[in-house]
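Per my numbering: the sequence shown = residues 40 to 255.
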Amino acid sequence: MDETQSSPANCTKCHKPQTDLPQALKRCAKCQTTLYCSRECQKNDWKVHKRVCASQAASHEGPSTSTPPPSSSSGAGAQHNPGFSAVNQLFGLSNNDHLHSLSERDAMVQLIDCFRMRVEDEYKFAANTMGIYNGDDPLPDFKEFLDLAESRSGLLPKWWNQKKRKECIRLATGGDEWADISCAVEKPDIQEHYGNGMMPMMLRVLGEKIYGKGFM
């Protein structure tokens, strides 16, 4: 009998065996090979794992789940996530004026949450790390996000200007109890905060409009 078959799988980072864990080990979303017991272990191991992740993904059977990091793509030829058009129509987001109907603070908070949701999705679905998921200051990525938002015609409200941009950055970095780009956010957090099960989808659509493409 092959001894390796009787050996339990271990978390790549902390080496805890599957037999000591209350739930199944999870595979890296990109390479589908490396196992982790928690998101924290996966994030802590990323700087080491990223050196081999791409090669492991290439050798893994089945379609690649690799997605390039968000960029300033204008959207020409860019791919949207499945369901983008349906959600866009269903929630009346086609006119790109969703943020226009909100108060200034609410619009800023949703922009911040849109960024936080996108950073989470890039990590979870494409194994792309940005900002806090890479152990870095998230502000440069957030500023690039705002640059892209400002480049999308009509997406931001008419009151948006450089003064309001600075206010938004202060809100995002000032330790607000909720809207803080130094804190990770997950889908259930967004749903609970807004009391709306579809809010993550709405923020994802807004993010696709800003980045010009989806995360998958």
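We put the CB at the ideal spot given by N, CA and C, even for glycine.
Ranked by how close their Cα comes to the Cα of residue 218, the residues 144, 203, 83 and 57 have 144 in first place. Shortest Cα-Cα distance from residue 233 to any of 59, 152, 72 and 51 involves 152. Closest in C-alpha terms to residue 98, from the list 237, 72, 230 and 157, comes 72. Sorting 94, 157 and 54 by C-alpha distance to the C-alpha of residue 238 places 157 at the top. According to the DSSP assignment, residue 232 belongs to the alpha helix (DSSP H) that extends over 226 to 233. Counting C-beta pairs with one atom in each stretch, the segment 83 to 93 and the segment 49 to 56 have three or more that are closer than 8 angstroms, which means they touch. Restricted to the segment 143 to 183, not a single beta strand (DSSP E) segment is unbroken, complete and at least 3 residues in length.
In the structure shown, residue 191 falls within a coil segment according to DSSP collapsed to helix, strand and coil.
Cβ-Cβ distances below 7 angstroms link residue 214 to nothing in the same chain once the five nearest sequence neighbours on each side are left out. Around the beta-carbon of residue 248, 16 or more other beta-carbon atoms lie within 10 Å, marking it buried. Residue 222 and residue 48 have their C-alpha atoms spaced approximately 31 angstroms apart.
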